[in-house]
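To start, the structure under review is shown below, and the notes come after it.
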Amino acid sequence: MTESIKQITRQTFLSGVVVLPALAAISSVPAQADSSKSSKDAMHYQTTPSDGKQCSGCNFFMPGQDANADGTCQIVDGAISPHGYCMAFSAK
């Protein structure tokens, strides 16, 4: 009986050796996706419009829950004001 307990323990250990790295790789995917975006500083993001151009009129902007709520951007990381502007602006 002791031999079967050791075998189960060994099997459990070996399955953990395979499963844990796979889980770590899966859990790190969202962090890698965000790191593919540029920082606000790198894109010269500002929370005010520039020459009538603002994020709500940009192809890359994804709006929040209402017209004044912060949304997100496909290029710039973090919360983005619909009234903001950055150098990646591309009119809709």
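Take any residue in the sequence shown, count from 1 to its spot, add 1070: that is its number in my numbering. Ideal Cβ positions, reconstructed from N, Cα and C, are used throughout, including at glycine. The model shown is predicted, which means the values in this text are computed figures rather than measured ones.
Three-way DSSP call (helix, strand, coil) for GLY1141 in this model: Within the sequence shown, the letter at position 71 stands for residue 1141. In the structure shown, GLY1141 sits in a strand (DSSP, three-state: E or B).
Residue environment, GLY1154, which counts as buried when at least 16 other CB atoms sit within 10 Å: Your numbering for residue 1154 matches position 84 in the sequence shown. Per the 10 Å Cβ criterion, buried.
Cutoff 8 Å; reference CYS1125; Cβ partners in own chain excluding five residues on either side: For the purposes of this step, residue 1125 is taken as residue 55 along the sequence shown, with counting starting at 1. Hits under 8 Å: PHE1131, GLY1141, CYS1143, ILE1150, SER1151, PRO1152, HIS1153, GLY1154, TYR1155, CYS1156 and PHE1159.
Collapsed DSSP secondary structure at SER1109 in the structure displayed: Position 39 of the sequence shown holds residue 1109. Coil at SER1109, not helix or strand.
Strand pairing of ALA1128, partner residues [DSSP]: Working through the sequence shown from its first residue, we reach residue 1128 at position 58. What sits at residue 1128 in the sequence shown is Cys, not Ala. DSSP lists ALA1161 as partners of CYS1128.
Cβ pair ASP1147, LYS1110 closer than 9 Å: Residue 1147 sits at position 77 when you count from the first residue of the sequence shown. Residue 1110 sits at position 40 when you count from the first residue of the sequence shown. Cβ atoms of ASP1147 and LYS1110: closer than 9 Å.
Buried/exposed call for LYS1162, threshold 16 Cβ in 10 Å: As a first step, residue 1162 is located in the sequence shown; it is residue number 92 there, counting from the start. Burial call: exposed.
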